Ligand code: AMP
Ligand code: ZN
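Numbering (my numbering), first residue to last: 291 to 770.
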């Protein structure tokens with residue numbers, strides 16, 4: 291049994307496919323106008339662990355995640371870059387896929403894009419206008435009439451009155467002409483700044499609003515009611531509230547059985563933003579000398595319902611990423627355990643992994659998988675893995691016992707999506723930035739600039755690398 295907190299009912303609820311066969315879930319995907327940041331990846335990585343946990347529990351999953359490839363930001367930035375919207379968003383989509391791949395995220399089963407579903411969105415608007423839930427304004431836009439949907443605010447527990455009066459302080463969309471402050475755009479009439487990015491519709495030229503794409507794609511691929519809908523906590527209001535209003539007004543059915551929201555990642559205690567200089571991507575992490583597996587480990591190290599504070603800089607403002615260094619050590623410890631079990635067994639290969647995945651005999655590691663089944667408790671699962679690893683002494687084990695434990699261990703690593711370094715650490719690839727820094731240190735040393743040499747050595751150490759002087763020059767190795 292898998293249980294997960296549901297934002298709608300505010301309680302832990304058991305999960306099982308509504309149709310008794312396939313668990314169908316939708317995750318709001320990235321807006322492809324620039325690189326996804328490590329906060330976005332916290333959400334996507336934990337959704338991936340969720341899917342893996344379902345599958346390892348014998349539940350067939352169908353995972354749909356959209357691409358937002360038309361909105362204000364994609365249009366504005368593609369124009370600034372002098373590229374067509376398609377060329378621009380295709381580029382960022384490919385970058386996103388590359389990062390997902392490095393982070394060992396499984397591809398969703400389906401990845402529909404907003405631009406490819408404009409007819410579906412228009413059809414839904416027509417239905418909403420026909421039912422009296424939407425109206426056209428003088429500027430050629432179509433708005434959803436929030437007061438027409440009695441249940442509006444159910445997910446976020448916002449009062450309709452507060453919304454109508456603007457007393458909540460939340461203005462959902464203030465750029466266009468509409469009857470009430472809470473109403474939101476389903477269709478945005480063409481404006482000059484949209485350039486060539488407009489489509490024909492019964493209300494004139496324009497483009498769809500952001501909230502509508504998810505409603506249209508959910509309905510197309512998952513039906514009127516599906517098992518679970520997910521996104522970062524910032525999407526509860528207004529995005530998911532609006533999705534519910536659109537979909538449920540059309541279908542008359544409850545949109546999703548379960549709502550799964552993930553709390554944000556903070557950097558040095560604050561929101562990540564370019565202007566604050568604390569905006570990190572996977573590339574930043576790799577250039578600083580860490581691996582994508584180390585980042586994944588950090589991202590799953592806190593429970594999804596708690597914010598994760600990613601410490602990047604120390605008190606002097608120097609970037610040293612202590613959690614990534616700790617992750618490196620943790621992964622090396624786990625890799626060492628894996629090798630020790632392998633040695634007892636003596637033969638390479640699958641060693642019962644596939645069998646353990648199917649049958650579920652995970653030895654001492656069963657508890658770790660159970661922790662994931664109980665509200666996707668990734669820190670608890672990691673804690674249980676380390677307890678098991680500590681307690682299992684290779685010297686006292688038979689090959690058969692080691693085979694059961696190794697298979698169980700690998701199943702849990704698979705659930706977490708952790709790929710361990712296969713080789714001894716001395717074979718680890720050294721990032722260019724680290725080699726350059728080590729050279730700079732060597733040169734500073736030759737020039738007898740001792741303070742500079744020490745400073746660089748410390749920076750390397752903070753990034754998890756050690757330089758050792760040798761007869762021929764120097765050697766770089768990961769810090770143990
Ligand atoms: P976006 O590309 O901005 O539409 O966001 C893609 C996903 O990342 C959504 O599910 C967001 O809720 C989520 N997200 C955005 N910022 C953060 C953050 N700092 N931490 C965790 N998830 C985030
Ligand atoms: Zn969405």
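Note that CB positions come from ideal geometry on N, CA and C, so glycine has one too.
Just so we're clear, the structure is a prediction, and the values are computed from it rather than from any experiment.
Check: Which first and last residues belong to the beta strand (DSSP E) in which residue 352 is found?; Outcome: 350-355
Check: Listed by chain order, which residues have C-beta atoms less than 5 Å from any heavy atom of the ligand ZN?; Outcome: 318, 504
Check: In terms of residue numbering, what span does the beta strand (DSSP E) encompassing residue 382 cover?; Outcome: Unbroken run through residue 382 is the alpha helix (DSSP H), 375-392; no beta strand (DSSP E).
Check: Sorted by chain position, which residues of the same chain lie with C-beta nearer than 6 Å to residue 580's C-beta, five sequence neighbours on each side aside?; Outcome: 614
Check: Hey, how far is the Cα of residue 730 from the Cα of residue 744?; Outcome: 11 Å
Check: Among the residues of its own chain, which have a CB less than 7 Å from the CB of residue 400, if the five just before and after it don't count?; Outcome: 354, 511
Check: Strictly by DSSP, which residues pair up with residue 403?; Outcome: 357
Check: Report all residues from its chain with a CB closer than 7 Å to the CB of residue 728; omit the five preceding and five following residues, and keep chain order.; Outcome: 750, 757, 764, 766
Check: With a Cβ-Cβ cutoff of 7 Å, do residue 517 and residue 308 count as a contact?; Outcome: yes
Check: From residue 590 to residue 761, what distance separates their C-alpha atoms?; Outcome: 42 Å
Check: Name the two residues that bound the continuous beta strand (DSSP E) containing residue 434.; Outcome: 432-434
Check: By the 10 Å Cβ neighbour count, where 16 or more other Cβ atoms means buried, how is residue 568 classified, buried or exposed?; Outcome: buried
Check: Where in the stretch 562-599 do unbroken runs of the beta strand (DSSP E), each at least 3 residues long, occur, reported from the N-terminal end onward?; Outcome: none
Check: Excluding five sequence neighbours on each side, which residues of the same chain lie with their C-beta closer than 6 Å to the C-beta of residue 585?; Outcome: 575
Check: What residue from 315, 293, 725, 768 has the CA that sits closest to residue 258's CA?; Outcome: Any answer about residue 258 is impossible in this case: the structure gives the chain only from 291 up to 770.
Check: At a cut-off of 6 Å, would you count residue 521 as near the ligand AMP, judging by its Cβ distance to the nearest heavy atom?; Outcome: yes
Check: Any idea if residue 503 is buried or exposed, counting beta-carbon neighbours within 10 angstroms, 16 or more meaning buried?; Outcome: buried
Check: So, is residue 302 buried or exposed, given that buried needs 16 or more other C-beta atoms within 10 angstroms?; Outcome: exposed
Check: In terms of residue numbering, what span does the beta strand (DSSP E) encompassing residue 520 cover?; Outcome: 516-522
Check: Using only the alpha-carbon positions, how far apart do residue 759 and residue 732 sit?; Outcome: 9 Å
Check: Please list the segments of the alpha helix (DSSP H) lying wholly inside the stretch 493-518, counting only runs of 4 or more residues, in order along the chain.; Outcome: 500-512
Check: Does the count of Cβ pairs from the stretch 313-322 and the stretch 351-365 closer than 8 Å reach three?; Outcome: yes
Check: Within the chosen definition, does the stretch 360-374 reach the stretch 557-565 through at least 3 CB pairs nearer than 8 Å?; Outcome: no
Check: Pick out whichever of 326, 646, 306, 695 has its Cα sitting closest to the Cα of residue 627.; Outcome: 695
Check: Using a Cβ distance threshold of 8 Å, determine whether the stretch 616-635 contacts the stretch 696-703, with at least three qualifying pairs required.; Outcome: yes
Check: To the nearest angstrom, report how far apart residue 601 and residue 612 are at their CA atoms.; Outcome: 7 Å
Check: Is it right to say residue 562 is buried, meaning 16 or more other beta carbons lie within 10 angstroms of its own, or is it exposed?; Outcome: buried
Check: Taking the straight line between their C-alpha atoms, what separation do you get for residue 654 and residue 387?; Outcome: 35 Å
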